[in-house]
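A.B. asks: Residue numbers for the sequence shown follow the working numbering, so the first one is 109 and each next one is one higher. A virtual CB, placed ideally from N, CA and C, is assigned to each residue, including glycine. The model shown is predicted, which means the values in this text are computed figures rather than measured ones.
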Amino acid sequence: ANVALVKRITDNKRAPLLIYLTNSPVPDKATRQFSTAQLPTVYTAMAMIADRGLTKLIMNLLFRFQSPPIPMKNFTDVAEARAWLRQYL
């Protein structure tokens with residue numbers, strides 16, 4: 109449902125994504141597989157805002173055996189994340 113909504117909002121154009129990982133649960137295997145397949149169809153890059161330890165843990169779990177399907181970077185500062193994402197507009 110979220111993928112369809114994003115595609116409708118962006119008129120089927122890929123866009124950068126800024127997400128906040130506060131109190132985010134670690135996704136299960138099925139969710140990780142779905143995300144890995146869907147991310148590049150919807151997004152050009154992903155900036156994640158969170159505590160460094162939390163982000164690192166989630167990234168390690170998500171991409172333990174393969175590289176992320178799109179450019180991803182961890183941030184603690186929103187302005188820095190937005191600046192990094194601009195290159196993927």
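Suppose you measure from the CA of R190 to the CA of L147; what does that come to, to the nearest Å?
C.D. replies: Taking the first residue of the sequence shown as 1, we reach residue 190 at position 82. Taking the first residue of the sequence shown as 1, we reach residue 147 at position 39. In a straight line, the C-alpha of R190 is about 18 Å away from that of L147.
A.B. asks: So what does DSSP say about P148, is it helix, strand or coil?
C.D. replies: By 1-based counting over the sequence shown, the position of residue 148 is 40. Note: P148 maps to helix in three-state DSSP.
A.B. asks: Sort out for me which residues DSSP pairs K181 with in a bridge.
C.D. replies: Walking along the sequence shown from the start, residue 181 turns up at place 73. Bridge partners of K181: A155.
A.B. asks: Relative to the C-alpha of T184, which candidate in A155, I178, L170 has its C-alpha closest?
C.D. replies: In the sequence shown, counting from the first residue as 1, residue 184 sits at position 76. The shortest Cα separation from T184 among A155, I178, L170 belongs to A155.
A.B. asks: Once the 5 residues before and after V111 are set aside, which same chain residues still bring their CB inside 8 Å of it?
C.D. replies: Within the sequence shown, residue 111 is the residue found at index 3, counting from 1. Answer for V111: Q146, T149, V150, listed in chain order.
A.B. asks: Reducing DSSP to helix, strand and coil, say where L165 ends up.
C.D. replies: Stepping through the sequence shown from its first residue, residue 165 is reached at position 57. The answer is helix: DSSP assigns L165 an H, G or I state.
A.B. asks: Taking the straight line between their C-alpha atoms, what separation do you get for T130 and K181?
C.D. replies: Taking the sequence shown and counting its residues from 1, one reaches residue 130 at position 22. Taking the sequence shown and counting its residues from 1, one reaches residue 181 at position 73. Going from the Cα of T130 to the Cα of K181 covers about 16 Å.
A.B. asks: Could you check the C-alpha separation between P135 and Q141 for me, to the nearest Å?
C.D. replies: Position 27 of the sequence shown, counted from the start, is the residue given in the question as residue 135. Position 33 of the sequence shown, counted from the start, is the residue given in the question as residue 141. Answer to the nearest angstrom: the Cα atoms are 10 Å apart.
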